[in-house]
Each structure stands twice: as structure tokens, then as C-alpha cells.
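Heads up, the final residue of the sequence shown is numbered 679 in our numbering, and it's a clean run with no missing numbers. By construction, the Cβ of each residue, glycine as well, lies at the ideal position given by its N, Cα and C atoms. The structure presented is a predicted model; accordingly, all values stated were derived computationally and were not measured.
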Amino acid sequence: MADAWSQPGGPSGSVLCPQGHANSPSYRFCSVCGSPIGVVPFPEDIESTGSSGRRRLGWIIGAAAAVVVVVTGATTAVLLSRPSGDTSAAGAAGGFETGTPAAVSAAPVCTEPPILETESFDLTDEGLVVGAALFSGCPGGDVEAGEAVRVTVADGERDIAAGEFDFSASPVEMRGSVPEHRTLVFPKGMYWRTPDMVSGKPTLVAHRGERRTATPVASMAAVERLVAVGPAEPEHGSVEGVAKAVLNELRDADYPVVLEGAANSWVPQVSSKRAGLVVDGRTLSNADVLRDHLDFRQRFDQARLVYSGQWSTFNDSDWWVTVVGPSWVYPEGANGWCDRQGFGVDDCFAKFLSNLFGPERTTVYRK
Numbered sequence: 313m314a315d316a317w318s319q320p321g322g323p324s325g326s327v328l329c330p331q332g333h334a335n336s337p338s339y340r341f342c343s344v345c346g347s348p349i350g351v352v353p354f355p356e357d358i359e360s361t362g363s364s365g366r367r368r369l370g371w372i373i374g375a376a377a378a379v380v381v382v383v384t385g386a387t388t389a390v391l392l393s394r395p396s397g398d399t400s401a402a403g404a405a406g407g408f409e410t411g412t413p414a415a416v417s418a419a420p421v422c423t424e425p426p427i428l429e430t431e432s433f434d435l436t437d438e439g440l441v442v443g444a445a446l447f448s449g450c451p452g453g454d455v456e457a458g459e460a461v462r463v464t465v466a467d468g469e470r471d472i473a474a475g476e477f478d479f480s481a482s483p484v485e486m487r488g489s490v491p492e493h494r495t496l497v498f499p500k501g502m503y504w505r506t507p508d509m510v511s512g513k514p515t516l517v518a519h520r521g522e523r524r525t526a527t528p529v530a531s532m533a534a535v536e537r538l539v540a541v542g543p544a545e546p547e548h549g550s551v552e553g554v555a556k557a558v559l560n561e562l563r564d565a566d567y568p569v570v571l572e573g574a575a576n577s578w579v580p581q582v583s584s585k586r587a588g589l590v591v592d593g594r595t596l597s598n599a600d601v602l603r604d605h606l607d608f609r610q611r612f613d614q615a616r617l618v619y620s621g622q623w624s625t626f627n628d629s630d631w632w633v634t635v636v637g638p639s640w641v642y643p644e645g646a647n648g649w650c651d652r653q654g655f656g657v658d659d660c661f662a663k664f665l666s667n668l669f670g671p672e673r674t675t676v677y678r679k
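What follows is the structure in C-alpha cells.
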């Protein structure tokens, strides 16, 4: 009589699983598909084997039941381990679905403005020009693409310049500690002190405005020279307060120079202004007076600021006067200089500077 677990069509001494795969008679599970072998015995096998067959059948059924218990327990453990709020339904295939990978958090956005260091500091025809090295304010790097980045320049608490720069057209990509180099230009009216008034290296500070590109991307063709698009508030005070302080500084610094090189002689006078004066329908401020003087100081190396209250040859004592050296013994020399420079008749004339004489006959106009 054939073995009770053998099936027709299989190799000699082999057992077929419910799916038809041949296995060794000693296997409890199919080596190909994993199905339990002999879970459903044939009735004739039970009858023919007697008590031993019944013991074998009971052992097989018990093993299959154990497998079901293990699988059921594992499934229950997985379900119980889910958070209470997880109500996702199982997929159609076997009651399971492919898990969704955890979302990868985006790289943090750097909220710190760039760190700037001064590399050069000059006064040119364009204005005050500062060479700057830009570093990221965050360790992972950053891109500066703001439309309104306020950059201030100061010597300690002495404000030098301030302007608003637009980086959106040419963003600056900063990677770690590697600097990016840019030239920042502060045009007339956006600076108050000149390099000759500063002894050390100025401090640069960047302040980000609200208008910043949401997803900045560094430009492939970076613009190395950026000109401020508008004025900005200084780092330590107001524009008017800084201008007034600088006028006083220039007055005190220039007085001994003019006293030594132009006292009791004739010089070209190219400007005379004061805060509150109305010019072309506009009332001048201290910032306007300072800007006017710095324009001449930018054009002429020997331009100096004279305060009328320090000299006896002026009628009023509260005018800021710009004069240009050299000086002459006679007024014709000073007026000749005005002619050669192309000034209008009323814009430049000879002025006698002294503390020994009164204002009479100390002004000679051009004809």
C-alpha cells in the first residue's frame, strides 16, 4: 500500500502540497510556496492507517493552527501599535497597502543677514565706493537676493554712509566660510563722511528688508559692482543729526588748515548755504548743506569748509561757506581760477579771509 501522504504523479517517495509542488515526506510546509502539507487528509488515509494515522493527522492540524495563531498575533500587534488617530483603510490586495515613506523636511532657510567685511574704502566720481567681502550668516550657506537690503557704513558710532541695495537681479550665493566679493557704491547724498575723515577700517552692517525673493537662485553672471538704489537711515542716528555733526567736524578740522594757508588772502568762494534757506522753492536741511559741500570736496582736493562765525570778514555768522585753494594776494587771481573752471559769474568769486578786518571791500565779484 502506498504511503498515506504520497500523491499520484509525484516523484517516488515525495509528497505534493495543495498547489501541486513535490516535497520530501518529512516537510511540514511546501519548500516552494509555503503552503501547509497534509492539512486536509483524505478519508481513506485515516481509515487505512488506524490510530497512528489519526495521531499524524492531529499533529498536522495542530501545526497548521499554530501557524494561524502566530500570523494572527503578529497582525494584531501591528494594528495595536498604530496611533489611535490612524484610520487609514487597508488596500485591496490581501488587506494591506504599501506604506508611505515619512516626509523629508526641507533644509532650514537662513534668516540671518549676510556678514560684511570692508576690503577697500575710496571716494570717486561715482560717490563713496566700498569693497566688501560677504559671508553667509548661517553655517550652511545662503543666497542674498533681497530687493531692499539696507547696508550701513560706520566708524565706531560715527556714521559714514547708508544705502539701499537691490540684489534680486544678481543674487549673491555664499557657501559656508567662503567669501563672495562685491563693490558697493554709495552715490552723492548717501554718504556723510569721506575716507580722509576715517582713521580705521569702517564697519559694514547689512539689514534685510521685507521684499526678499521667496526662492532665491544665484545668478550665473553675477554683477560685481552694485550701486545703491536709494538712501537709507544710518546705523546710529538720523540723517539730519549725522549731517549736523559732520558739518561741525569739518569746520573744526578745516579751520586750522585755512588759517595757515589762506588767512589774510583771497580765495575762490564757490558756495554759501545754511539750513532753512529756501532755494528754488525748497527749504534746505543740514543734510542738503553737507551734500553741497561734499560735492565740491569730491571735485576739488583743496575744497575746505569755512563757518562764517569764525571769520570777521563775513556779514552774518551762521553760514557754511565752501572755499577752494590755493590763495592769492590779489582778487584777480581767485577770479581767474573761477574763469578757468567754467563757473557761472554768480557761482564763484573772490573772497578775502581774515580775522583782522571787517567785511567791507572783502568780496570781489566777477564781471
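Those residues which DSSP pairs with G335 across a bridge:
Locating residue 335 in the sequence shown gives position 23, counting from the first residue. With the sequence shown as reference, residue 335 is identified as Asn, and Gly is not the correct amino acid for it. According to DSSP, which records beta bridges pairwise, N335 is partnered with V327.
Expressed to the nearest angstrom, what Euclidean distance is found between the alpha-carbon atoms of V461 and T423?
Start at 1 with the first residue of the sequence shown, and residue 461 comes out as number 149. Start at 1 with the first residue of the sequence shown, and residue 423 comes out as number 111. Taking the straight line joining both Cα atoms gives about 13 Å.
For P580, which beta-bridge partners are listed by DSSP?
Start at 1 with the first residue of the sequence shown, and residue 580 comes out as number 268. Paired residue(s): A662.
On the CB-based measure, 16 or more other CB atoms within 10 Å of its CB, does T436 come out buried or exposed?
Position 124 of the sequence shown holds residue 436. T436 is exposed by the Cβ-count criterion.
Minimum length 3: unbroken beta strand (DSSP E) runs contained in the segment 590–628:
615–619
Residue from R678, G475 and V463 whose Cα sits closest to the Cα of A445
Within the sequence shown, the letter at position 133 stands for residue 445. Measuring from the Cα of A445, the nearest candidate turns out to be V463.
I'd like the list of long-range same chain contacts for V510, defined as Cβ closer than 6 Å, with 5 residues on each side in sequence excluded.
Your numbering for residue 510 matches position 198 in the sequence shown. Taken in chain order, the residues that qualify are D467.
In this structure, what does DSSP give as the bridge partners for G542?
The residue given as residue 542 occupies position 230 in the sequence shown. Partner(s): E476.
Mapping DSSP to helix, strand and coil, what is G645?
For this step, residue 645 is matched to residue 333 along the sequence shown. Note: G645 maps to helix in three-state DSSP.
Determine the contact status of V539 and P499, defining contact as a CB-CB distance below 8 Å.
Numbered from its first residue, the sequence shown carries residue 539 at position 227. Numbered from its first residue, the sequence shown carries residue 499 at position 187. Taking 8 Å as the Cβ cut-off, V539 and P499 qualify as a contacting pair.
Smallest Cα separation from N576: which of S624, I472, Y619 and A565?
What you label residue 576 is simply residue 264 of the sequence shown in a count that begins at 1. Closest option to N576, Cα to Cα, is S624.
Limits of the unbroken alpha helix (DSSP H) element including D566
If you number the sequence shown from 1, residue 566 lands on position 254. Its alpha helix (DSSP H) spans residues V551 to A574.
So, helix, strand or coil for R470, using DSSP?
By 1-based counting over the sequence shown, the position of residue 470 is 158. In the structure shown, R470 sits in a strand (DSSP, three-state: E or B).
Kindly list the residues whose CB is nearer than 7 Å to the CB of A646, restricted to its own chain and excluding five residues on each side of it in sequence; keep chain order.
Locating residue 646 in the sequence shown gives position 334, counting from the first residue. Excluding sequence neighbours, A646 sits near W578, V579, P580, W640 and A662.
Considering only their Cβ atoms, is the gap separating G488 from G453 smaller than 8 Å?
In the sequence shown, residue 453 corresponds to position 141, counting from 1. In the sequence shown, residue 488 corresponds to position 176, counting from 1. Yes.
Between the C-alpha atoms of F477 and H519, what's the straight-line distance to the nearest angstrom?
Taking the sequence shown and counting its residues from 1, the one referred to as residue 477 is at position 165. Taking the sequence shown and counting its residues from 1, the one referred to as residue 519 is at position 207. So the alpha carbons of these two residues sit roughly 10 Å apart.
By the DSSP assignment, the beta strand (DSSP E) with A444 in it spans what residues?
Here the question's residue 444 lines up with position 132 in the sequence shown. Segment L440 to F447, the beta strand (DSSP E) holding A444.
Looking at the structure shown, is M486 part of a helix, part of a strand, or coil, going by DSSP?
Working through the sequence shown from its first residue, we reach residue 486 at position 174. Reduced to three states, the DSSP call for M486 is strand.
Considering only residues of the same chain and omitting the five flanking positions on each side of L589, which have a CB-CB separation below 8 Å?
Taking the sequence shown and counting its residues from 1, one reaches residue 589 at position 277. Excluding residues within five positions, the ones whose Cβ falls inside 8 Å are T595 and L596.
Taking all protein chains shown into account, decide if Y503 is buried (16 or more other Cβ within 10 angstroms of its Cβ) or exposed.
As a working mapping, residue 503 is identified with position 191 in the sequence shown. Y503 comes out buried.
Can you grab the Cα-Cα spacing for the pair D566 / T675, in whole Å?
Within the sequence shown, numbered from 1, the residue matching residue 566 stands at position 254. Within the sequence shown, numbered from 1, the residue matching residue 675 stands at position 363. So the alpha carbons of these two residues sit roughly 21 Å apart.
Would you give the residue range spanned by the beta strand (DSSP E) that A264 belongs to?
Since the first residue shown for the chain is 313 and the last is 679, residue 264 is missing from the structure and cannot be characterised.
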